[in-house]
Amino acid sequence: MLPTPKKFFLTAASAEGNSELTAFDNALLAGRIGNINLIRVSSILPPGAEYDPELSIPPGSLVPTAYGYIVSENPGELIAAAVGVGFSEDTFGVIMEFAGKCSQKEAEARIEAMLREAFATRGMKLVDMKIAAAEHRVEKIGCALAAVPMWY
Amino acid sequence: MLPTPKKFFLTAASAEGNSELTAFDNALLAGRIGNINLIRVSSILPPGAEYDPELSIPPGSLVPTAYGYIVSENPGELIAAAVGVGFSEDTFGVIMEFAGKCSQKEAEARIEAMLREAFATRGMKLVDMKIAAAEHRVEKIGCALAAVPMWY
Amino acid sequence: MLPTPKKFFLTAASAEGNSELTAFDNALLAGRIGNINLIRVSSILPPGAEYDPELSIPPGSLVPTAYGYIVSENPGELIAAAVGVGFSEDTFGVIMEFAGKCSQKEAEARIEAMLREAFATRGMKLVDMKIAAAEHRVEKIGCALAAVPMWY
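Chains as they are written, first to last, in this note's numbering: chain A, 271 to 422; chain B, 271 to 422; chain C, 271 to 422.
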């Protein structure tokens, strides 16, 4: 089997670029996850996974990551992305992602609502939350992203 | 290298949610794959992989999964998702996914046609098929999904 | 942790199919990566990874791959996809993908510009590039794709 991640952190950032993909790449760099290989996952925090905001991951590593992002080519538009981790008492957690044409505050509120719904559906008690979000006013081509990289 | 999966099953389900992502999350839960980390793959059944509908996978595990899904916010709309596995005589199989605004029956028919095409293109004999599908009449925000999780 | 890839190659191809997914499947087959499980990654060439155009990967393997593709159902339309790997002097490289309604030449030019931007942003010297691209005039349902599979 693939090894289950043991550590995680949250990051959110935004950037401009000359193209859609380089705006995304620049936002990843601004979020300090630009030099690794993100593998997108949906989106459970493994039981016992430890929060480690100082995690340093070697370049090129394959990193299971839950993330949301939005790229906009409309100058002046406000975009935002948020991720949240909901923690249970003693087992796995749930990760939610959101990105849209809204403020950081609205993105955060959506994440919080989604986490509450996810725990209610599972009949689990939500004991804590961590949320990271970023907003960005587009100049030319802009990207907002938020991510929960998981590691070992 | 990443270890090649040895087991698989099929699942299909649908659900409502308060948002796009929680509708998806609720459909995953209804399909009994809501508490794992899906890694999306395209989409070959490894040679010798064994069908195990009773597979139980620990929460938070990284699970290579071929899947298709659709989320709709149009009340009254009929949506469906299907997956199919086509089996060869003695080597790998092929997995196909489909999701759209149609009935379960149509989604299944599309999967069957895609599997036949995939085997014809490869010059391989299609000796058996397994298909799983779900349809859903949207109430507020609905999701239909179908998946082939692969495991060890 | 997941093992970091040690080898890579580039491929680009196009094909027709009877559906969106089988057009994609047929393009993968034309590019000689149709019988493996692609895991999409974004998109760094690990330090020391070796170029091996003769790589043969067992069917069903889980293969971290950076790729771009486009499917079109508009007969007569020209579509193209390109990938590029930018190499640094002595550390990791950067992979860029592009797909759109344009010629192969334009797709290649975009990749080159994106690689230059990615290295400039990182303050790294771009010492070499490898690019693979394909274009396709759609007959019924066509797909152009370009990929950098990474392996061990």
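Note that CB positions come from ideal geometry on N, CA and C, so glycine has one too.
Residue i by DSSP, collapsed to three states: which one?
i: C/N307; result: strand
i: B/E286; result: strand
i: B/T423; result: Shown here, chain B extends from 271 to 422; a query on residue 423 of chain B therefore has no answer.
i: B/M384; result: helix
i: A/P298; result: Checking the sequence shown, residue 298 of chain A turns out to be Leu, not Pro. Three-state DSSP puts A/L298 in a helix.
i: B/F279; result: coil
i: A/A390; result: helix
i: C/E324; result: coil
i: A/S312; result: strand
i: C/P329; result: coil
i: C/G412; result: strand
i: B/F419; result: Inspection of the sequence shows that residue 419 of chain B is occupied by Pro rather than by Phe. The answer is strand: DSSP assigns B/P419 an E or B state.
i: B/A319; result: coil
i: A/M399; result: strand
Using only alpha-carbon positions, find the residue among the options that is nearest to residue i.
i: C/E409; options: C/F278, C/E290, C/S312, C/E347; result: C/E347
i: B/V397; options: B/F389, B/A404, B/A403; result: B/F389
i: A/F357; options: A/A351, A/E382, A/V333, A/A377; result: A/E382
i: B/R380; options: B/M394, B/I365, B/G393; result: B/I365
i: A/A414; options: A/M271, A/Y337, A/R386; result: A/Y337
i: B/S289; options: A/E387, A/A403, A/H406, A/Y422; result: A/E387
i: B/P345; options: B/A293, B/A377, B/R407, B/K395; result: B/R407
i: A/E367; options: A/K375, A/A403, A/M394, A/L291; result: A/A403
i: C/E405; options: C/V341, C/K395, C/M394; result: C/V341
i: A/S351; options: A/W421, A/E286, A/E343, A/A377; result: Per the sequence shown, the amino acid found at residue 351 of chain A is Ala instead of Ser. Of A/W421, A/E286, A/E343, A/A377, the residue nearest in Cα terms is A/A377.
i: A/Y339; options: A/T391, A/R392, A/F294; result: A/F294
Verify whether the separation of the beta carbon atoms of residue i and residue j is less than 8 Å.
i: A/V353; j: A/M399; result: no
i: C/I349; j: C/K371; result: yes
i: A/G412; j: A/S326; result: no
i: A/Y321; j: A/F279; result: yes
i: C/N307; j: B/S331; result: no
i: A/I309; j: B/I303; result: no
i: A/T335; j: A/A282; result: no
i: A/M394; j: B/L291; result: no
i: A/N305; j: A/P329; result: yes
i: B/Y422; j: A/M420; result: no
Report yes if the C-beta of residue i is less than 7 Å from at least one heavy atom of the ligand MN; otherwise report no.
i: C/N288; result: Only the bare structure without any ligand can be found here, which leaves the ligand MN out of the picture.
Touch test, the region 295-305 of chain B against the region 316-330 of chain A, Cβ-Cβ under 8 Å, three pairs minimum: no
- Task: With a floor of 3 residues, list each beta strand (DSSP E) that falls wholly inside the region 335-382 of chain C, ordered by position along the chain.
- Result: 348-357, 363-370
Quiz item: Per the contact definition of three or more C-beta pairs closer than 8 Å, is the region 273-283 of chain C in contact with the region 360-376 of chain B?
Solution: No, the region 360-376 of chain B is not in contact with the region 273-283 of chain C.
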